[in-house]
Amino acid sequence: MSIWGKVIGGVAGFALGGPIGALMGAAFGHAVDRSKIGMRRGRAQGPELVESKQTAFTIAVIVLNAKMAKADGHVTRDEVDTFKRIYDIPTGEIDDVGQLWNEARADASGFEPYARQVGEMFAHDPAVLESLLGGLFTVALADGVLHPAEVDFLHKVANEFGFDKARFERIQASYAGGDAGEAYEILGLEPGASDAAIKKAYRDLIKENHPDRLIAKGMPQEFIDIANDKMATINNAYDQIEKERAAS
Numbered sequence: 000m001s002i003w004g005k006v007i008g009g010v011a012g013f014a015l016g017g018p019i020g021a022l023m024g025a026a027f028g029h030a031v032d033r034s035k036i037g038m039r040r041g042r043a044q045g046p047e048l049v050e051s052k053q054t055a056f057t058i059a060v061i062v063l064n065a066k067m068a069k070a071d072g073h074v075t076r077d078e079v080d081t082f083k084r085i086y087d088i089p090t091g092e093i094d095d096v097g098q099l100w101n102e103a104r105a106d107a108s109g110f111e112p113y114a115r116q117v118g119e120m121f122a123h124d125p126a127v128l129e130s131l132l133g134g135l136f137t138v139a140l141a142d143g144v145l146h147p148a149e150v151d152f153l154h155k156v157a158n159e160f161g162f163d164k165a166r167f168e169r170i171q172a173s174y175a176g177g178d179a180g181e182a183y184e185i186l187g188l189e190p191g192a193s194d195a196a197i198k199k200a201y202r203d204l205i206k207e208n209h210p211d212r213l214i215a216k217g218m219p220q221e222f223i224d225i226a227n228d229k230m231a232t233i234n235n236a237y238d239q240i241e242k243e244r245a246a247s
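So the sequence shown is numbered by numbering that gives the first Met the number 0: it starts at 0 and just counts up by one.
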């Protein structure tokens, strides 16, 4: 069963009446609680703990993407289609996921508890949180415009994740950058960095963001496209800097 099927089943498990939004919140809270219990019992990355983290992560993905898309006042078809594509939603589950999305996008408020709790859950694995924020940037840019209200929303999510300004700007450069200066920013460096510092930063980022590592830490397999895109961005930034330095 895909992670989407597990989430849909988890939400349905709370279907004793009431709005879907409340049921989604209950399923999210249950997954978070199960994860905390697993950590307290020392089950560092056992199957049950990983599944709980994946479920909470995926519900947060739905809620945060839906509310981010609504941040500028309206949701575009490009944003919805991009969400479906980058998160690999099976055709048979699109309608059910869409129902959860529609409930979450009712307004742009109420996202903080989801961002805060998933931030706490992955506090020791910031690369997983970076992939989530990167997905938000990708959906925000789907219509070709990064609206100021969307940037403000993304800043607030990053704050809930515990990210500082430098990390946020590095992530933003990874998804909305382009020139050589931004290539350095993607690696978290200044243009005057030494060759050794550049190589070290590159290797560290490749290690931290490797898809296999992120999945082992709780990122669902279905979200691997985002991880692969991030790896490609890091590689491209490094190649761009290397070519620039070789030509100078």
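Idealized CB from N, CA, C, for every residue including glycine.
Source: prediction; values computed, not measured.
C-beta atoms of residue i and residue j nearer than 7 Å
i, j, result
"Q53", "G217", "yes"
"E111", "E159", "yes"
"A65", "A103", "yes"
"A226", "L186", "no"
"V6", "F82", "no"
"P219", "I2", "yes"
"V96", "I85", "no"
"V144", "L213", "no"
Exposed unless 16 or more other CB atoms sit within 10 angstroms - verdict on residue i
i, result
"T90", "exposed"
"E189", "exposed"
"G118", "buried"
"L242", "According to the sequence provided, residue 242 is Lys. The question's Leu does not apply to it. By the neighbour-count rule (16 or more Cβ atoms within 10 Å), K242 is not buried but exposed."
"G72", "exposed"
"R202", "exposed"
"A43", "Low confidence applies to A43: its pLDDT is 49, below 50, so where it sits in the model is not reliable, and the reading given next is rough at best. Exposed, by the Cβ-count rule."
"S193", "exposed"
"A182", "buried"
Sequence-distant residues of the same chain with beta carbon closer than 7 Å to residue i, five excluded per side
i, result
"G4", "E92"
"D142", "T75, D77, E78"
Cβ neighbours of residue i in the same chain (closer than 8 Å, five flanking residues each side left out)
i, result
"M230", "I205, N208, H209, P210"
"L63", "F110, Y113, A114, L131, L135, V156"
"T232", "S173, Y174, I185"
Residue i - DSSP class collapsed to helix/strand/coil
i, result
"N208", "coil"
"V74", "coil"
"R104", "coil"
"S193", "coil"
"K155", "helix"
"Y86", "coil"
Q: Just list the alpha helix (DSSP H) runs in the region 95-152, keeping only unbroken ones of 4 residues or longer that don't cross its boundaries, in chain order.
A: Whole alpha helix (DSSP H) segments, 4+ residues: 111-120, 125-139.
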